Each structure stands twice: as C-alpha cells, then as structure tokens.
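Numbering (our numbering) for the sequence shown: 196 to 546.
Have a look at the structure below before the remarks.
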Amino acid sequence: MTPATPTAPVSSATPSAPFPPATPRLQVEGELLYLDGRPYPLWGLRTANQLEDDAHVQDLINNLDTYMEHGVNAVAPFLQGGNGGTTNAFLPNGELDEQVMTRLLALLEETARRGMVVVVGFFYVERAPLLESATAVERAVEQVTARLRPYRHVIFNLVNEFHLPDFDKAAYPFRRPEGILRLLDIVHSIDPERLAAANCNDPQLVLQVARHTPVVLHNSRTLAEYLLLVERVGKPVIDVECGNHALDAGRHGVFSEGAKLFYEQQIASAAVLPGKSIFFHAHWVQGPPTKWPGLKRIYRRHCDLGGYGTLTDPGMRWYFEAVRAARNYPAPEMFGRIRAAIRAQNSLVLE
C-alpha cells in the first residue's frame with residue numbers, strides 16, 4: 196500500500212477561510228444515513244484527543260486516505276477532548292478558543308474533500324465544570340453551531356456519557372434529559388437541519404433523548420440491537436465508543452484474543468444490521484501518554500494503523516482490515532460469522 200501523502204501542515208496562527216467550499220450533505224431517511232443522496236454505511240474511529248495541538252490533528256489528517264481505503268469513513272474529535280487529554284475549546288464564559296477551532300475547521304475541510312463524515316463532540320465530564328455558568332454552556336453551543344453551519348457532513352454529539360455522576364459538578368444540568376433537550380433546541384434554533392444528539396449507556400436515558408433526535412448516539416455493547424430490533428426506533432443508531440472503554444488500555448495497541456473476538460462480532464453485526472454503526476475506540480489513537488509495563492519508552496498517540504495488535508506488533512491494522520473484509524462479504528457469509536462469534540462468546544473474556 197502506498198503511504199498517504201501528507202497534506203499542508205495545519206497552522207493555528209492562520210484562520211480558515213470564513214466561507215468554506217461546498218461540503219457533502221449528510222441526511223437521514225429511516226434507519227439509514229445518506230451523503231449527497233447516496234446510502235452511506237458509517238464506519239468510524241474515535242479521535243477525541245486529536246484537536247489537542249497542531250501535530251495531533253496533522254497526524255490524523257495525514258492518515259485519512261488510509262482509513263478510507265479500508266472503508267473507515269468517519270472520525271470523532273471532541274472539543275473538550277477525552278480521557279488523558281487536555282483539549283478545551285471553551286473559555287469559562289463560553290467563548291471559543293480560536294486555536295482549537297482552527298484545527299477543527301482544518302479537519303472538517305479535509306474530511307469534506309474526501310467525502311467523509313465527522314461526529315464533533317462538545318462536552319466531556321472532566322472539563323464541562325470549567326464553564327462558569329449554564330449561560331456559558333449555552334453560549335458555547337450557540338457559537339459552535341453558528342460556526343459549523345456551513346459544514347453539512349457533521350453530526351453533533353453534544354455531551355459524552357451524560358449519565359456520569361461527575362457531571363453534577365458542572366453549572367449546567369447535563370445529566371437530566373431536559374438539559375440535553377434544551378441544548379438540542381439551541382442547536383436547532385440556529386441550524387434546524389443539523390443532526391445532533393448526545394450519548395450515554397443507560398437505555399432509558401438514551402430512549403428519552405432519542406425520541407427527539409434524528410439519530411441515536413450511545414456507548415453500550417448491547418444497546419444497538421435492542422434499540423433497532425426491540426424498540427424499533429427507526430433511526431440510525433451510532434455507537435460512538437465501541438467497547439465502552441478502550442480494550443487496549445494499559446497496553447496501547449495490544450488487544451487480547453477476547454477483545455478481537457468482541458470487535459469481530461461488532462463488525463459483523465454492523466455489516467448486516469441496517470441502522471447500526473460503530474466507532475472503534477483505542478488508546479493507540481487517543482490514550483494518555485504513558486509507559487508500557489516493563490518497557491522504558493514512553494507511549495505516544497498514533498493515528499497510523501500500526502500492526503496487528505500484539506505485544507511485538509502493536510496497532511489497529513487488524514481492525515481496519517476486518518472492516519474492509521466485512522464490507523466486501525456477501526450477507527449470508529456475514530451471518531455465518533455472527534453465529535460463530537455468538538457461539539464463541541460463551542467463553543469470551545475481555546481483558
């Protein structure tokens with residue numbers, strides 16, 4: 196495979212053009228997503244910490260072509276980063292940090308050029324309390340919504356894991372569904388057609404929000420099938436953090452056989468179940484800098500695929516190759532893979 200050609204470096208000192216070129220248009224019809232009128236099966240990668248600095252976002256941009264070659268056509272950066280990160284696009288009064296926004300706009304333009312989708316996350320539990328008031332939270336949502344209005348290939352994930360008790364430390368009622376719905380109202384008062392929701396892993400909370408959103412976001416290992424087949428929500432159901440937590444935590448890029456089997460099952464299910472989409476989550480991509488047990492070198496984040504997920508060949512290439520294979524398999528063979536994965540799940544241990 197020919198390595199991706201790096202694009203021009205991102206510069207925080209140079210604002211993006213105020214009027215970007217036309218972007219692809221993402222829409223919903225029933226359980227399916229459509230991009231520029233064509234069905235768009237969504238396969239994503241969680242990249243919560245890649246807006247942290249210019250080097251991280253450039254690393255992500257440089258690997259977008261490789262992702263697309265494997266059928267992974269979406270990424271998910273967060274304006275307040277994720278676990279182990281330091282990104283925060285919001286000042287205490289709800290105004291925007293222009294350096295972070297410049298990085299985001301550069302990523303949006305590069306993904307638009309490639310026909311990719313971006314799920315932009317807003318608030319994260321560790322940094323949401325840094326906003327000084329509920330008014331500041333609402334101002335932040337207003338400003339991002341207005342700034343991103345030209346970018347029609349973007350889904351908003353307003354709050355990550357809004358079920359978490361630590362959101363009670365914030366000035367805004369993030370944990371209450373009515374608080375989420377208030378933020379959705381703000382978005383749609385500015386951009387009525389924006390696809391927006393918020394994610395958590397509590398089925399009842401997800402359903403309360405899902406009744407009011409065009410897409411359903413969650414981070415539960417079992418919720419997609421329940422929502423689509425039992426509750427019949429009739430909307431795209433997107434797992435924005437497949438696995439709920441990184442299954443290579445502590446050994447970045449190293450995945451147990453149980454973890455790989457879990458992802459094999461998730462890939463197979465998403466390949467044949469209309470409406471189900473998954474975003475791969477790995478500390479290889481977004482984990483905190485750390486030292487591997489028994490090794491002297493310090494781990495850094497990677498957006499390249501790396502290797503096959505073993506201690507001597509760490510990485511996520513195995514996952515991307517599984518997605519590419521799944522997208523090319525006929526449905527009957529994929530159902531066979533699901534049945535085999537389910538039979539094996541009786542002895543599954545996620546280490």
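Glycine is no exception: its CB is placed at the ideal position from the N, C-alpha and C atoms.
This one's a predicted model, so the numbers in the text were calculated from it and none came from an experiment.
Between the alpha carbons of Val312 and Leu300 lies a distance of about 13 Å.
Fully contained in the region 310 to 376 are the following beta strand (DSSP E) runs of length 3 or more, in chain order: 312 to 318, 349 to 355. If you draw a straight line from the Cα of Asn439 to the Cα of Ala419, it is about 13 Å long.
Counting along the chain, Gln222 sits inside the beta strand (DSSP E) bounded by residues 221 to 224. For Leu255, the enclosing alpha helix (DSSP H) has its first and last residue at 249 to 257.
Annotation: Asp260 to Pro368 spans about 39 Å, alpha carbon to alpha carbon. By DSSP's assignment, Ser472 forms a beta bridge with Ile433. Under DSSP, the beta-bridge partners assigned to Asn394 are Asn355, Leu412. The C-beta separation of Ala271 from Arg309 comes to about 16 Å, leaving the pair out of contact by the 8 Å criterion.
The Cβ neighbour count for Arg496, taken over all protein chains shown within 10 Å, is at least 16; the residue is labelled buried. Phe285 sits in a strand when the DSSP states are folded into three classes.
Pairwise C-beta distances place the region 398 to 407 in contact with the region 366 to 382, as three or more of them are shorter than 8 Å. Bounds of the beta strand (DSSP E) holding Ala269 are 269 to 271. Between the beta-carbon of Glu327 and that of Ile381 there is about 18 Å, and that puts the pair past the 8 Å contact cut.
Straight-line measurement puts the Cα of Lys430 at about 7 Å from the Cα of Gly470. A straight-line Cα-Cα distance of about 34 Å links Val425 and Trp479. If the five residues before and after Val449 are omitted, its C-beta is found closer than 7 Å to the C-beta atoms of Asp443, Gly504, Thr505, Leu506, Pro509, all from its own chain and listed in chain order.
Leaving aside the five residues that flank Pro324 on each side, the residues in its chain whose CB is nearer than 6 Å to its CB run, in chain order, Lys364, Ala365. If you look at Gly277, you'll find it isn't in any beta strand (DSSP E); DSSP assigns it neither H nor E.
For Leu456, the enclosing alpha helix (DSSP H) starts and ends at 452 to 467.
Here DSSP, grouped into helix, strand and coil, assigns Arg427 to coil. The straight-line gap separating the alpha-carbon atoms of Val432 and Asn394 is approximately 11 Å.
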